[in-house]
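A short worksheet on the structure shown next.
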Amino acid sequence: MRYLLIVKITLILAGIIGITVGIGQLFFPIAFEGSTGITLSNNTSLLSEFHGAGGTLLGAGIIILIGAFSTAIRGFALMLTALFYLGYGIARLYGMLADGLPNEGLIVVTVIEVVIGTLALVLYRQYKRQQFAR
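Count along the sequence shown from 1, add 4, and you get the number used in this note's numbering.
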C-alpha cells in the first residue's frame with residue numbers, strides 16, 4: 005500500500021511539473037524562459053525549438069499524470085517519467101561539464117530532474133518485479 009502511494013505521488017508531481025513546463029514552453033516561451041534568466045529573442049527558428057519541446061513535455065506530462073490514476077498505463081508512466089526526467093537531468097549535467105555552470109535556478113532544476121527520474125526508475129523496477137511475481 006505504501007509503495008502504491010509513493011508511485012501515485014511521484015507520478016502526480018512529475019505529471020504536474022511536465023504539464024506546467026510544457027505549457028510554459030509551448031505557449032509562453034519568452035516569458036517562461038525569462039523566469040530563469042534566459043533571454044529569448046523573437047527568432048522564430050529558436051522559438052520553434054521551444055514550442056516543439058514544450059508540446060512534447062505537455063503530452064508526456066498528461067500521460068504521466070493519467071498513469072497515477074490508471075493501472076493500465078502505470079508502468080508505462082513510470083518508465084516515461086524516468087526517461088524524461090533522467091534524460092533532461094543527465095543532458096543538463098553534460099552541459100555543465102561542457103559549457104560551465106548555469107544560474108542557480110537551473111542547477112536546482114537539474115537536481116530535481118535527477119531525483120524524480122531516479123525515483124521513477126527505482127519504482128519502475130519494483131513495479132516490474134511485482135508484475136513478474138503475479
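For every residue, glycine included, the Cβ atom is placed at its ideal position computed from N, Cα and C.
Please determine, among the options, the residue with the shortest C-alpha to C-alpha distance to residue i.
| i | options | result |
| --- | --- | --- |
| Gly-26 | Phe-54, Met-83, Ala-81 and Ile-77 | Phe-54 |
| Ile-67 | Leu-123, Ile-16, Met-5 and Ile-10 | Ile-16 |
| Ala-18 | Ala-64, Gly-38 and Ser-45 | Ala-64 |
| Leu-195 | Lys-132, Thr-60, Gly-59 and Ile-34 | As displayed, the chain neither begins before 5 nor continues past 138, which places residue 195 out of reach and without an answer. |
| Thr-85 | Met-5, Gly-109, Leu-69 and Phe-32 | Leu-69 |
| Ile-23 | Phe-88, Met-5, Ser-74 and Arg-6 | Phe-88 |
| Ile-10 | Leu-127, Gln-135, Leu-105 and Ser-74 | Leu-127 |
| Ser-39 | Gly-109, Gly-71, Asn-46 and Thr-122 | Gly-109 |
| Ile-21 | Asp-103, Gln-135, Ala-137 and Thr-60 | Thr-60 |
| Phe-73 | Lys-12, Phe-136 and Gln-135 | Lys-12 |
Nearer than 7 Å: is that true of the beta carbon of residue i relative to any heavy atom of the ligand HEM?
| i | result |
| --- | --- |
| Glu-108 | You won't find the ligand HEM in this model; it holds no ligand whatsoever. |
Give a yes or no on whether the C-beta atoms belonging to residue i and residue j are separated by under 8 Å.
| i | j | result |
| --- | --- | --- |
| Gly-56 | Asn-107 | no |
| Leu-62 | Ala-124 | no |
| Thr-120 | Thr-48 | Note that residue 120 corresponds to Ile in the displayed sequence, not to Thr. No, these two residues do not count as a Cβ contact at 8 Å. |
| Tyr-131 | Gly-79 | yes |
| Glu-37 | Leu-30 | no |
| Gly-99 | Glu-117 | no |
| Thr-114 | Arg-129 | no |
| Gly-28 | Gly-71 | no |
Please classify residue i: does DSSP put it in a helix, a strand, or coil?
| i | result |
| --- | --- |
| Thr-48 | helix |
| Leu-114 | Correcting the residue type first, residue 114 is Thr in the shown sequence and not Leu. In the structure shown, Thr-114 sits in a helix (DSSP, three-state: H, G or I). |
| Phe-32 | coil |
| Leu-127 | helix |
| Ile-23 | helix |
| Leu-105 | coil |
| Ile-42 | coil |
If we cut at 8 Å on Cβ distances, does residue i have a partner in chain B?
| i | result |
| --- | --- |
| Gly-104 | No chain B is part of this structure, which consists of one protein chain only. |
Just list the beta strand (DSSP E) runs in the region 55 to 97, keeping only unbroken ones of 3 residues or longer that don't cross its boundaries, in chain order.
none
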